[in-house]
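For the sequence shown, the residue numbers in the working numbering are 1 to 232.
The beta-carbon is built from N, C-alpha and C at its ideal position, and this holds for glycine as well.
Just below is one structure, and these are the notes that go with it.
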Amino acid sequence: MARQTLSLVLQSGGNSTRYDVGIDDVIVAGWTGRDPAAVEKHIRELEALGVKRPAMTPIFYRVSAARLTTGTEIEAVGAHSGGEVEFVLLQHDHQMWVGAGSDHTDRQVETFGVTVSKQMCDKPVAPAFWAFDEIAPHWDQLKLRAHVTENGERKVYQDGPVTAMLAPLDLVGRYLGTAGGQLPENTLMFCGTLAARGGVRPTERFEFEIEDPVLGRSISQAYSVRVLPVLG
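Put into structure tokens, the structure is as follows:
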């Protein structure tokens with residue numbers, strides 16, 4: 001088993017402590033929307049790019065843990081990849097934590113096969129996580145947001161509430177096939193995304209965040225993409 005160890009700040013009870021967290025398994029949940037119409041809209045966005053419809057919704061892809069990174073630059077082959085803001089769940093030390101990540105995906109490879117495309121790119125995550133129990137009572141008030149830089153201009157790429165996606169415990173239950181269970185220890189799950197303003201497209205600089213307006217805090221991260229040449 002290839003474990004990826006990340007230096008993460010876990011925030012709980014007013015304390016922030018840095019730990020080296022080993023992650024064994026990574027799941028990318030797709031088409032997780034609560035609203036069937038919104039799910040269909042995102043499916044059509046990707047169909048317009050040549051991506052086949054999913055076999056089921058939601059669907060749970062597997063990605064190598066080695067693809068996880070908290071770095072501020074990733075490398076991708078060709079100029080066809082782009083980010084997507086998502087909330088992420090982490091099961092660590094017998095507790096669930098919530099953070100933010102980007103399911104960076106090769107859009108060209110996605111037309112060949114979504115499963116393969118998920119493995120093609122690094123998956124950036126912000127290095128801070130909140131204890132899920134502290135935000136569960138007001139979960140539906142959390143917000144996700146992403147910005148891109150295009151032609152030197154910073155633009156809103158995605159913006160909306162976490163209510164666009166299935167609630168964490170519901171999503172975990174669907175993955176496990178049973179209600180009331182927990183993710184396996186040292187597992188991280190990407191939990192779905194919002195529709196992109198202006199359509200899904202490649203991104204060279206991506207900023208993503210999850211905001212908790214109730215407790216007045218946010219988790220954010222930004223990264224750039226170093227494009228590697230395609231030489232044939």
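Margin query: Assuming the contact rule is C-beta atoms closer than 8 Å, valine 63 and valine 26 should be a hit. Round their C-beta distance to whole Å, please.
Written below: 4 Å
Check: Are the beta-carbon atoms of proline 124 and serine 7 separated by less than 8 Å?
Finding: no
Check: How would you write the range of the beta strand (DSSP E) that methionine 96 sits in, first residue to last?
Finding: 95–102
Check: Going by the CB atoms, is the gap between aspartate 212 and serine 220 shorter than 8 Å?
Finding: no
Next item on the list: Could you check how far apart the C-beta atoms of valine 227 and alanine 79 are, in whole angstroms? I think they sit under 8 Å.
Entry: About 5 Å; that satisfies the 8 Å criterion.
Notebook entry, point to check: Does any heavy atom of the ligand SAM sit closer than 7 Å to the C-beta of threonine 72?
Noted result: Among the components of this structure there are no ligands whatsoever, and the ligand SAM is therefore not found.
Notebook entry, point to check: Bridge partners of proline 36, per DSSP?
Noted result: Paired residue(s): none; proline 36 is not in a bridge.
Notebook entry, point to check: Going along the chain, which residues of its own chain have a beta-carbon closer than 6 Å to the beta-carbon of glutamine 158, five neighbours each way excluded?
Noted result: Val85, Ala146, Leu194 and Ala196
Next item on the list: Compare the C-beta of valine 63 against all C-beta atoms of chain D and say whether one is closer than 8 Å.
Entry: The structure shown contains no chain D; it holds only a single protein chain.
Item checked: CB contact flag (valine 88, methionine 189, <8 Å) -> Cβ atoms of valine 88 and methionine 189: closer than 8 Å.
Check: DSSP on proline 124, reduced to helix/strand/coil?
Finding: Proline 124 falls in the strand class under three-state DSSP.
Checklist line | Close beta carbons around proline 54, own chain, < 8 Å, minus the five adjacent residues each side | finding: Excluding sequence neighbours, proline 54 sits near Gly30, Trp31, Ile43 and Val114.
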